[in-house]
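Numbering (UniProt numbering), first residue to last: 1 to 300. Below: one structure, written as C-alpha cells.
Structural data, given as C-alpha cells:
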C-alpha cells in the first residue's frame, strides 16, 4: 500500500466529507462541526479536486452523493473510526476536572426512572461535565449513533448496526400504575375492564400489553395515548385510569407520592434494557468512564 498517498490528505477534509455524507446539506454539516458554511463549501471544493469527482449533486434541497462518494465512504468511515480510537489512547480522563460534553440517548422511561440518581452522583464526581440527553427508542438509536448525535444510548434495541456493541443492563418487569390505593392487586378482569393510558411516541393506541393480552384471548380499553411518561402522575390523579410501564419508571413515580405500582396480573415475555455504542468509541477513556457510570446506576 502506497502510504505516500496519505501525504495528500487532510484529516479535517475527511471529517467534513463524512459529515456531508451523513447530513447531505452544507448548512447542517457546518452546524454539526461548529464551522462556518463558507468553510464547509471551501472544503468540499478541495475534496472534489482531491478525488477528481463532484462527490455530491444537488437534488432539490438535498445533496445526493455520486457513485464515487458512496464508494469512498465505505473505506473512509472505518479508517476514521480506527484513527479516532488510536488518538484516544494518548490521553487520560479525569472526571473531577473535565469540562467535556457527553451526548447520550435515553428512552423516556429511563430518563424518568433511572437518570435522576445518576445525575446526583455525577454532580459530585464530575461537577463541570455537561450532559446532553436526546430521546431514543429502538427505531431512532441506529441513526443517532451513526450520525454522532449521541455516543451511547440506553433503550430496548432491535436491528443494530454491524459495528455496534450492546450490553444488557436489566430485564424489564412491566408494572401497573394507579392512583387509587388498594390492599388487593388488580385481577386480570379488572386490568382489562379499567380505562388505560398508553404512552406511545408514535401516537398509537396499542402497545406491547395489547399484544400480550391478545395471546391469551383478552383485550383492554385504551382511552388516552400520550407521548411521554412524565405526564402520567398528573393524568392519573383522581381518576380510575391505569397505565402500564417499566418497573423502574413506575417505582419512581410511586415514590413521589399519590400513585401506587404493582406487577402485571398476568405473565409477560421478557423485555431487555440495553446500553449500545459504536466500536470506534469503545476504547476512548472518557466514553469508557461514561459507560461505567451509566451501567453502575442503571443496571438491574
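For every residue, glycine included, the Cβ atom is placed at its ideal position computed from N, Cα and C. Remember, predicted model here, so these are calculated numbers, not experimental data.
Check your understanding: For residue 230, is the beta carbon positioned less than 7 Å from some heavy atom of the ligand ZN?
Key -> The ligand ZN is not part of this structure, which contains no ligands at all.
Review point. Which partner residues of residue 140 appear in the DSSP bridge assignment?
Key: Answer by DSSP bridge pairing: none, since residue 140 is not bridged.
Review point. Just how far apart, CA to CA, sit residue 49 and residue 31?
Key: Their backbone Cα atoms lie some 24 Å apart in a straight line.
Practice item. Check residue 1 in the structure and name its three-state DSSP category. Key: Reliability of the predicted coordinates at residue 1 is poor, the pLDDT of 48 falling under 50, and no value is obtained from them.
Point to revise | Selected residue, minimal CA-CA separation from residue 359, among 79, 156, 234 | key: The question about residue 359 has no answer here: the residues shown for the chain are numbered 1 through 300.
Review point. Would you report the Cα separation of residue 204 and residue 226, rounded to the nearest angstrom?
Key: A straight line joining the alpha-carbon of residue 204 with that of residue 226 spans about 9 Å.
Exercise for review: Go through its chain and collect everything with a Cβ distance to residue 228's Cβ below 8 Å, but skip five positions before and after it.
Suggested key: By the criterion of a C-beta distance shorter than 8 Å, residue 228 is surrounded in its chain by 108, 199, 201, once the five residues flanking it on both sides are discounted.
Review point. What's the call for residue 157, buried or exposed, on a 16-neighbour Cβ count within 10 Å?
Key: Per the 10 Å Cβ criterion, buried.
Check your understanding: Do you know how far the Cα of residue 210 is from the Cα of residue 219?
Key -> The alpha-carbon atoms of residue 219 and residue 210 are separated by roughly 7 Å.
Check your understanding: In whole angstroms, what is the alpha-carbon distance linking residue 243 and residue 232?
Key -> Between residue 243 and residue 232, the C-alpha separation is close to 8 Å.
Point to revise | Three-state class that DSSP yields for residue 280 in the structure shown | key: Residue 280: helix per DSSP, three-state reduction.
Check your understanding: Exposed or buried, which one is residue 280 when buried takes at least 16 other CB atoms within 10 Å?
Key -> Burial call: buried.
Practice item. Go ahead and label residue 34 buried or exposed: buried means 16 or more other beta carbons lie within 10 angstroms of its beta carbon, across all protein chains shown. Key: For residue 34, the number of other beta carbons within 10 angstroms of its own is below 16, and it is reported as exposed.
Check your understanding: Using DSSP with H/G/I as helix, E/B as strand and the rest coil, what is residue 134?
Key -> Correct three-state label for residue 134: strand.
Exercise for review: Measure the alpha-carbon distance for residue 284 versus residue 19 and round it to whole angstroms.
Suggested key: C-alpha separation (whole angstroms): 20 Å.
Review point. The beta strand (DSSP E) spanning residue 153 covers which residue range?
Key: 152 to 155 is the span of the beta strand (DSSP E), which, as asked, contains residue 153.
Check your understanding: Could you give the C-beta distance for residue 275 and residue 152, rounded to a whole number, given that I count them as a contact under 8 Å?
Key -> Confirmed, Cβ separation roughly 6 Å.
Check your understanding: Nearest to residue 142 by alpha carbon, out of 170, 112, 122, 165?
Key -> It is 165 whose Cα lies nearest to the Cα of residue 142.
**Study point:** Ordered list of alpha helix (DSSP H) runs contained in the region 38 to 97, each at least 4 residues
**Key:** DSSP runs (the alpha helix (DSSP H)) wholly in the region 38 to 97: 67 to 88.
Point to revise | Own chain partners of residue 186 with C-beta closer than 8 Å, once the 5 adjacent residues on each side are dropped | key: Sequence-distant partners of residue 186 (beyond 5 residues in either direction) whose C-beta falls short of 8 Å from its own C-beta, in its chain, are 176, 178, 194, 242, 262, 265.
Exercise for review: Just mark residue 291 as buried or exposed, buried being the case when its beta carbon has 16 or more other beta carbons within 10 Å.
Suggested key: Buried.
Exercise for review: Answer with buried or exposed for residue 104, where buried requires no fewer than 16 other C-beta atoms within 10 angstroms of its C-beta.
Suggested key: So residue 104 ends up on the buried side.
Check your understanding: Exposed or buried, which one is residue 238 when buried takes at least 16 other CB atoms within 10 Å?
Key -> The residue is exposed, with fewer than 16 neighbouring Cβ atoms inside 10 Å.
**Study point:** Reference residue 106; option with closest CA among 127, 133, 125
**Key:** The residue from 127, 133, 125 with its alpha-carbon nearest to that of residue 106 is 133.
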